[in-house]
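At position 408 of the sequence shown the residue is numbered 765 (our numbering), and the sequence of numbers has no breaks.
Here is the structure we will look at, set down as structure tokens.
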Amino acid sequence: MKIAMIGCGYVGLVTGACLAEVGNTVACVDLDSDKVKALNGGVIPIFEPGLDRIVAANRAAGRLSFTTEVQDAIEVSEILFIAVGTPADENGAADLEHVLAAARSIGEVMTERKIIAIKSTVPVGTAHRVKQAIADQLILRSLEIPFYVVSNPEFLKEGSAVEDFLKPDRIVIGVEDQVVKETMKALYAPFNRNRDRLIVMDVVSAELTKYAANSMLATKISFMNEMANIAERVGADIENVRRGIGSDPRIGHHFIYPGCGYGGSCFPKDVSALASTAKMLGYDTPLLDAVELVNKRQKSVPIRKIKRRFGDDLSGRHFSIWGLAFKPNTDDMREAPSILAIRELIAAGATIAAFDPVARGNAEIEFRGLEGLSFSDDPYDVLRGAHALILLTEWSMFRSPDLVRMADLLKEKVIIDGRNVFDPNDMRRHGFEYFGIGRGESQFDPVKQ
């Protein structure tokens with residue numbers, strides 16, 4: 358099939374490349390000429406394992422192209438994906454400016470029947486607004502052209518997005534027309550061969566499914582972090598609790614790992630947007646509000662542990678940080694716990710040396726001009742002379758470090774493990790003061806306001 362992908366961000370780029378990988382011809386459109394120029398030059402603006410390979414292969418095969426010419430891409434394509442960003446506005450609701458602008462662009466130039474698939478994460482009712490925006494433009498042009506708006510939410514995990522798309526656990530399609538349904542089924546057939554992963558439903562239910570999925574996962578994380586804070590007070594080890602409850606198949610082991618809070622482009626924005634949508638409809642969301650509150654407080658736990666150990670005035674203290682991205686296998690810094698930790702520790706007088714295997718570039722942009730912060734490409738280099746190591750991202754390379762070398766480099770052998778990567782007993786055998794999340798090492802209140 359011939360496809361236009363409007364938006365060359367994370368979702369659009371992964372989706373476009375993976376659809377091209379199975380033989381479709383995909384034109385990815387973006388108004389950012391610098392981004393398009395870079396993509397045509399083989400430069401991938403995000404870190405995502407495997408993405409650079411399939412982009413390069415499909416560009417070379419002529420199945421994947423990048424352009425700023427919206428009209429050209431729309432004219433030659435039968436399915437038009439909208440995959441632009443939907444950032445949160447000042448009230449926490451999803452900002453649909455770019456989605457509706459893309460819809461108007463389609464209505465301004467389309468000349469024949471089109472299927473418009475919304476891949477952006479959008480609130481319930483957006484498909485209707487997109488349909489109306491396109492129809493309004495056709496009326497202005499005095500044209501009657503059939504078109505169909507489909508909800509096709511993405512369920513990609515940063516760090517494994519290519520694998521998720523090529524081998525999905527489900528493909529959700531919200532559609533009202535039977536012919537369009539069959540077209541979308543044909544589009545996704547190459548990803549649906551071993552078993553039927555396709556879940557077809559009405560458009561509104563598909564829109565809600567995406568928000569419900571991310572909010573459920575965020576709820577599990579916040580619940581486990583709440584349990585970790587309770588475990589810390591009563592002297593229990595949350596990792597034992599996690600294994601105990603995870604063995605129940607009704608709960609499972611996924612997304613019950615305690616830590617220093619979730620971040621990224623999805624969970625914070627989607628929980629807030631779902632709560633905002635509900636409130637606009639007159640329904641309060643105490644559970645979703647609590648999920649957000651717990652996560653906000655959890656990001657402060659490593660900071661509070663540092664201040665508990667070293668005092669509120671951190672002047673003259675130097676700390677090392679391992680991990681800047683919000684999760685491993687990505688360079689995404691959006692809503693990362695490291696942002697709050699670095700800013701608050703430096704505000705308290707500390708200096709920081711930080712390491713992340715791929716997120717340094719984005720971190721340098723995020724913290725541009727911030728005095729007291731330095732970066733290194735060597736994880737051990739940042740340990741030199743530090744009063745403590747603070748681990749904030751669970752990169753696999755941190756799981757089996759050289760503890761003897763760490764002890765030699767650190768000024769004080771203090772570990773704040775914000776992701777429970779290390780074994781507390783192993784760390785203590787090597788002479789480290791170890792503070793994890795909910796590991797029962799103390800009875801103090803790390804999140805009390």
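C-beta: ideal position from N, C-alpha, C; glycine also.
Give me whichever residues DSSP pairs with residue i in a beta bridge.
i, result
"K359", "T382"
"Y791", "I772"
"K471", "F504"
"V529", "I556"
"D438", "First, the amino acid is wrong: residue 438 is Phe here, not Asp. The partner list for F438 (beta bridge, DSSP) reads M362, A474."
"I709", "F676, L730"
"A451", "A445"
Note the first and the last residue of the continuous alpha helix (DSSP H) segment covering residue i.
i, result
"S629", "624–637"
"A716", "From DSSP, A716 is part of no alpha helix (DSSP H); its letter is neither H nor E."
"S390", "390–397"
"I613", "Element bounds for I613: n/a, residue is neither H nor E."
"A647", "643–655"
"S695", "694–704"
"F522", "518–523"
"T483", "483–497"
"P659", "658–667"
"I431", "427–433"
"K542", "535–545"
"R416", "408–417"
"M784", "781–786"
List the endpoints of the continuous beta strand (DSSP E) containing residue i.
i, result
"G345", "Coverage of the chain is limited to positions 358 through 806, which leaves residue 345 absent and any answer about it impossible."
"H455", "Element bounds for H455: not the beta strand (DSSP E) but the alpha helix (DSSP H), 454–466."
"T424", "421–424"
"I678", "675–679"
Please report the straight-line C-alpha distance between residue i and residue j, rounded to a whole angstrom.
i, j, result
"G729", "R717", "16 Å"
"V560", "I473", "12 Å"
"R554", "L544", "13 Å"
"P402", "L396", "8 Å"
"P615", "A575", "12 Å"
"I773", "A698", "12 Å"
"G788", "L523", "46 Å"
"S810", "A484", "Any property of residue 810 remains undetermined from this structure, which presents the chain solely from 358 to 806."
"G795", "E583", "9 Å"
"D429", "R654", "48 Å"
"K805", "D646", "At K805, the pLDDT of 45 sits below 50, so the modelled position is not reliable and the matter cannot be decided from this model."
"S799", "F624", "In this prediction, S799 has a pLDDT of 48, which is less than 50 and means its spatial position is unreliable; nothing more can be read from the coordinates."
"N415", "S422", "8 Å"
"L650", "G726", "30 Å"
"D526", "M754", "28 Å"
"A588", "D765", "32 Å"
"A413", "I360", "18 Å"
"R420", "I663", "52 Å"
"N381", "K392", "22 Å"
"G464", "I502", "10 Å"
"M362", "G531", "18 Å"
"L767", "V519", "38 Å"
"L720", "T634", "Correcting the residue identity first, residue 720 is Ala in this sequence and not Leu. About 32 Å."
"Q489", "Q535", "21 Å"
"V371", "I496", "34 Å"
"A704", "A563", "44 Å"
"V368", "L513", "8 Å"
"P659", "F683", "14 Å"
"Y619", "A693", "7 Å"
"F548", "I528", "9 Å"
"G398", "G364", "18 Å"
"K656", "S695", "8 Å"
"R691", "G482", "26 Å"
Is there a Cβ of chain D sitting closer than 7 Å to that of residue i, yes or no?
i, result
"S499", "In the displayed structure, chain D is absent; only one protein chain is listed."
Closer than 8 Å is the cut-off here; do at least three beta carbon pairs connect the region 423–437 with the region 457–473? Judged by pairs of C-beta atoms under 8 Å, the region 423–437 touches the region 457–473, as three or more such pairs exist.
Scan the region 549–602 and note each continuous alpha helix (DSSP H) run of 4 residues or more that stays entirely inside, going in chain order. Assignment of alpha helix (DSSP H) within the region 549–602, counting only whole runs of 4 or more residues, yields 560–591 in chain order.
Given 8 Å as the limit, is there contact between the region 441–448 and the region 376–385, that is, 3 or more CB pairs closer than that? no
Curious, which full-length alpha helix (DSSP H) runs of at least 4 residues does the region 728–774 contain? 760–766
Quick one: any contact between the region 693–710 and the region 666–678, if contact means 3 or more CB pairs under 8 Å? yes
With a threshold of 8 Å, are at least 3 pairs of Cβ atoms found where one atom belongs to the region 560–574 and the other to the region 534–551? no
Cβ pair count under 8 Å reaching 3, the region 631–640 against the region 596–610: no
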